[in-house]
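Novice: Sequence lines, in order, name chains A and B.
Going by the numbering used here, the letters in the first sequence line up with residues 434 to 682, in that order.
Going by the numbering used here, the letters in the second sequence line up with residues 153 to 351, in that order.
The structure under discussion is supplied below as structure tokens; questions concerning it will follow.
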Amino acid sequence: MEKLRTFILNLYPTTKFFITLFLMITPLLLPGYLYSYLVPVLCLFIAMIAGKTKLFVDIVFKGLLSIVIMIFLLQAFFYPGDTILWTWKIFSIKQEGIDFSVQLTSKILAVGSAIVLFFQITKINDLARSLEILGVSPKATYVLSSALNIIPEMRMHLLRIMDAQKTRGVETEGNLRIRLKAFFPALTPLILSSFSSTDEKAITLESRAFTARTKKTSLHQLEKTKSDSVVRVLLLILFVFILIWRFFL
Amino acid sequence: MKGIKKDFTLFAILLIPIGVAINVVAGELVELLKVPLFLNQIGTMIVAMVAGPWVGAITGGVSKLIFGIFNPTQLAFMPVAMASGIVVGLLAKKGMTTKIWKVAITGFIVALVAILIATPTTVIVFGGASGTGSDALTAIVLASGKEIWTAVITQKIFIESIDKILSIFVAYMIVRKMSDQYLAKQNYGHFYINKKKAS
């Protein structure tokens, strides 16, 4: 188990991306919904091995479940069809609507959970570094990783500002108007102070030759291993096999 | 192409992560205060106003990517966020974000573009659902016998226009509060300096 875990987590970011891509594209290629519903289960399995079960389940439930339920409700009641399964006053659930929602939600769940899995097993810093190796400008990868680093810092800052405003007498609880009014005094200082910090950041980056047109070195080491090639070849074989099976047989 | 590259100065690039973080944190604040709106493109709009449409578009795109880590359905709405950035930026370049009444018009245009892009995405990709409370509105319109497209457009008109117009007003107020010295360093900051001296 431990071995499998390090195996998955130590894969090269692009290999992980290929796995995700495979899990995203094959449900769209294959007909029916059985396989598509298997993909989230497969993702859960991989997440379990990687030791990220809780986060994976949390995000899938929070992000995907509500939309899946809504699709079922909307489509079951309002999709045009004649095969009525159940009626209540003027509303009726139709077979066509259920079929349609099963199809649609299977694809959404498959693609969605593959994306969730990718971000759970890949560190953004690794991803950024592998993109750099692929030739993406360090400026672009800086934007990505720096955005992720700023968010927790800014969250803390926001809480501090809200506490300060509360002491001053700004109300944050009550009816909608009061809560909406609290939005502004909390957000303005946060935004203004974070924007004014760009000055120092620019100087810091400039002093480290951020914009110099030379080849950059990095302390962050990433290496492709044998398991990467194995996984890639396996994925390719599987994919070609599925393509042939789908379109030529 | 050259014009686009010219917009991406070091200063402008540094604005992108901050704009993204503002989008995320403002979105969370809205949830914390239990306000039934999104308001998660304020950062995009501020960046688009001071640093131009293309920097704004990237801010919108990266924000949706980050939102996507925690809620993958958000990734489908990346074009909406990018378009908001582009539209605000282009109009800001024409001086359309310097007075309150102009900001209101810009808000309407941004909302319109958002509705035009978000509606097909919602209908085709998500079968009309959005997974938020606003789906109740879609259901009501559907129950009155209208088609799914009409229902989703009605819902988007309500939600997006309130959301986008309110966002751009917040963005405008904040840009107005920035110091002249700071604005002067930005690509398109001069619009907001001249006005202050006139008033």
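From the three backbone atoms N, C-alpha and C, an ideal C-beta is built for every residue, glycine too.
With H, G and I counted as helix, E and B as strand and the rest as coil, what does DSSP make of residue 211(B)?
Specialist: The residue you call residue 211(B) lines up with position 59 of the second sequence. In the structure shown, residue 211(B) sits in a helix (DSSP, three-state: H, G or I).
Novice: Here's a check: name, in chain order, each residue in its chain whose Cβ is nearer than 8 Å to the Cβ of residue 301(B), leaving out the five neighbours to either side.
Specialist: Position 149 of the second sequence holds residue 301(B). Closer than 8 Å at the Cβ level, and outside the excluded window around residue 301(B), lie 271, 275.
Novice: Taking 7 Å as the threshold (beta carbon to beta carbon), is residue 587(A) in contact with chain B?
Specialist: What you label residue 587(A) is simply residue 154 of the first sequence in a count that begins at 1. Yes, because at least one Cβ of chain B sits closer than 7 Å to the Cβ of residue 587(A).
Novice: Residue 590(A): which of 166(B), 223(B), 242(B), 174(B) sits nearest, CA to CA?
Specialist: Indexing the first sequence from 1 puts residue 590(A) at position 157. Among 166(B), 223(B), 242(B), 174(B), the Cα nearest to that of residue 590(A) is on 174(B).
Novice: At what residues does the alpha helix (DSSP H) containing residue 599(A) begin and finish?
Specialist: Against the first sequence, residue 599(A) aligns to sequence position 166. Run containing residue 599(A): 571-601, per the alpha helix (DSSP H) assignment.
Novice: When you compare the CB of residue 315(B) with every CB in chain A, is at least one pair closer than 7 Å?
Specialist: Locating residue 315(B) in the second sequence gives position 163, where the first residue counts as 1. Residue 315(B) does not count as touching chain A.
Novice: State the start and end residues of the unbroken beta strand (DSSP E) segment that holds residue 527(A).
Specialist: What you label residue 527(A) is simply residue 94 of the first sequence in a count that begins at 1. Taken as a continuous stretch (DSSP letters only), the beta strand (DSSP E) holding residue 527(A) covers 524-527.
Novice: When the Cα atoms are used, what is the spatial distance from residue 650(A) to residue 658(A)?
Specialist: In the first sequence, counting from the first residue as 1, residue 650(A) sits at position 217. In the first sequence, counting from the first residue as 1, residue 658(A) sits at position 225. One C-alpha to the other measures close to 21 Å.
Novice: Can you grab the Cα-Cα spacing for the pair residue 604(A) / residue 172(B), in whole Å?
Specialist: In the first sequence, residue 604(A) corresponds to position 171, counting from 1. In the second sequence, residue 172(B) corresponds to position 20, counting from 1. Looking at the two C-alpha atoms, the distance is approximately 27 Å.
Novice: Note down, in chain order, all residues in the segment 276-301 of chain B with a beta-carbon under 8 Å from any beta-carbon belonging to chain A.
Specialist: The segment 276-301 of chain B vs chain A, Cβ under 8 Å: 277, 278, 279, 280, 281, 282, 283, 284, 287, 290, 291, 294, 295, 300.
Novice: Helix, strand or coil for residue 268(B)? Go by DSSP, reduced to three states.
Specialist: Taking the first residue of the second sequence as 1, we reach residue 268(B) at position 116. Three-state result, residue 268(B): helix.
Novice: Closer than 8 Å between beta carbons: that is the criterion. Which residues of the segment 605-618 of chain A meet it against chain B?
Specialist: Listed by position, the residues of the segment 605-618 of chain A near chain B (Cβ gap below 8 Å) are 605, 609, 612, 613, 615, 616, 617.
Novice: With a CB to CB cut of under 6 Å and the five nearest residues on each side skipped, what residues in its chain are close to residue 351(B)?
Specialist: The residue labelled residue 351(B) in the question sits at position 199 within the second sequence. Note on residue 351(B): pLDDT 48, under 50, position unreliable in the model; the coordinate value appears next. Excluding residues within five positions, none has a Cβ falling inside 6 Å.
Novice: What did DSSP end up calling residue 658(A) once you bin it into helix, strand or coil?
Specialist: Counted from its first residue, the first sequence places residue 658(A) at position 225. Of the three classes helix, strand and coil, the one that applies to residue 658(A) here is coil, per DSSP.
Novice: I'd like the list of long-range same chain contacts for residue 267(B), defined as Cβ closer than 8 Å, with 5 residues on each side in sequence excluded.
Specialist: The sequence position of residue 267(B) within the second sequence is 115, counting from 1. Around residue 267(B): 305, 308, 309, 312, 313.
Novice: Using CA atoms only, rank isn't needed, just tell me which of 570(A), 565(A), 600(A) is closest to residue 447(A).
Specialist: As a first step, residue 447(A) must be located in the first sequence, where it is residue number 14. Checking every option, the nearest Cα to that of residue 447(A) belongs to 565(A).
Novice: Bridge partners of residue 520(A), per DSSP?
Specialist: Residue numbering aside, residue 520(A) sits at position 87 when the first sequence is read from its first letter. Paired residues: 525(A).
Novice: Note down, in chain order, every chain A residue with its Cβ under 7 Å from the Cβ of residue 176(B).
Specialist: If you number the second sequence from 1, residue 176(B) lands on position 24. Near residue 176(B) (Cβ distances below 7 Å), the residues of chain A are 584.
Novice: Does the distance from the C-beta atom of residue 242(B) to that of residue 258(B) stay below 7 Å?
Specialist: What you label residue 242(B) is simply residue 90 of the second sequence in a count that begins at 1. What you label residue 258(B) is simply residue 106 of the second sequence in a count that begins at 1. Not closer than 7 Å, so no.
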